[in-house]
Amino acid sequence: MKMSYVICSALLALTTISAHASPVKTPDLRIDAFKKEQGALAQRGELLYEVVFDVNVANLQNEDFKMPKSCFILSDEKGNKVVSSGISANLLMHYGGLDSKEGIVMFTSKDKNIYDMSLVRWSSTGCQSNTAKG
């Protein structure tokens, strides 16, 4: 009896620890992005290429969801990536179950190849650097 109590206690503790150690669930989102504008940005004496996308983010879960610290990433098939430089505030707010929101997302880069990028995704990691090679 005492041995089964010890084994059950150990299993319960192990289950509790692994439940707390599991990562935050990635939301089930659908992102539709359409290039709206492209141009240039002069900032602090530096010239940058800029692309603006109309974005619709849909929460495909039947549960409420609040965007954690996150960003949008623009990329191409070659693995080039650019982190968003501006996001409509409403895209980062609370989503009800099966809710969707529309807004704009801006990307800037020193590289003119940003004009050829068209793949937009959401990410909760890799949001620190503006431009990265894949």
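Numbered per mature numbering (1 follows the signal peptide of the UniProt record, and there is no 0), the sequence shown spans residues -21 to -1, 1 to 113. Backbone N, C-alpha and C define an ideal beta-carbon position, used for all residues, glycine too. Small disclaimer: the values here were computed from a predicted structure and weren't measured.
Check                                                                                                                                                                                    : Outcome
Among the residues of its own chain, which have a CB less than 7 Å from the CB of residue 44, if the five just before and after it don't count?                                          : 6, 38, 74
Within 10 angstroms of its Cβ, does residue 59 collect 16 or more other Cβ (buried), or is it exposed?                                                                                   : buried
Nearer than 7 Å: is that true of the beta carbon of residue 15 relative to any heavy atom of the ligand ZN?                                                                              : Looking at this structure, you won't find the ligand ZN or any other ligand, since it has none at all.
Residue 84 to residue 34, Cα distance in whole Å?                                                                                                                                        : 7 Å
So if DSSP puts residue 39 in a beta bridge, which residue, or which two residues, is it bridged to?                                                                                     : In DSSP, residue 39 forms no bridge with anything.
Could you tell me the alpha carbon to alpha carbon distance between residue 25 and residue 93, rounded to whole angstroms?                                                               : 16 Å
Reducing DSSP to helix, strand and coil, say where residue 11 ends up.                                                                                                                   : strand
Might you give, ordered along the chain, the residues of its own chain that have their beta carbon closer than 6 Å to the beta carbon of residue 69, omitting 5 neighbours on each side? : 80, 82
Where do the ends of the beta strand (DSSP E) carrying residue 79 lie?                                                                                                                   : 79 to 88
Answer with buried or exposed for residue 87, where buried requires no fewer than 16 other C-beta atoms within 10 angstroms of its C-beta.                                               : buried
Relative to the C-alpha of residue 53, which residue among 107, 28, 96 is closest?                                                                                                       : 96
Looking only at its own chain, which residues have a Cβ that is under 6 Å from the Cβ of residue 30, when we skip the five neighbours before and after it?                               : 17, 86, 93
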